[in-house]
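Visitor: The sequence shown: position 58 = 39 (this note's numbering), numbered continuously. Here's a structure for you.
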Amino acid sequence: CIRLENARLLAQFLLRNETQWSIEKIDAVTKSNKEPFFKLSNSIPVYILYFTAWVDHEGKLNFRNDLYNKDDELLKMILQKPAI
């Protein structure tokens, strides 16, 4: 499960070349609470990034809880000595 902001805009973008998907059909499917499956004519790569720390547009460092416990694994990888 992934929380998504502006899901309607993403759906419009992904389905923009699919003639059978109008904005009205996207809205109808969204309101139906059903999870449709539709294979796009052209595949689109999806990259999922998980950040628990970042610098915002004001230069302020932000931290969030590591809900998926990935930070410890990343720290171990960072602290490992490189193989020579």
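Cβ atoms here follow ideal geometry from the backbone N, Cα and C, with glycine treated the same way. Just so you know, these numbers come straight off a predicted model, no measurement behind them.
(1) Tell whether a beta-carbon distance below 9 Å holds between arginine -16 and threonine 11.
(2) Please name the residue, chosen from Lys15, Lys51, Lys6, Asn(-13), that lies closest to leucine 30 on a Cα-to-Cα basis.
(3) Nearest by alpha-carbon distance to alanine 34: which of Glu16, Leu48, Pro26 is it?
(4) Could you tell me if alanine 9 is buried or exposed, where buried requires 16 or more neighbouring beta carbons within 10 angstroms of its beta carbon?
(5) In the segment 0 to 60, which residue ranges form an unbroken alpha helix (DSSP H) of at least 4 residues, counting only runs that do not cross its ends?
Guide: So, from the listed chains and residues:
(1) no
(2) Nearest in C-alpha terms to leucine 30, of all of Lys15, Lys51, Lys6, Asn(-13), is Lys51.
(3) Leu48
(4) Exposed, since its Cβ has fewer than 16 Cβ neighbours within 10 Å.
(5) 4 to 12, 52 to 60
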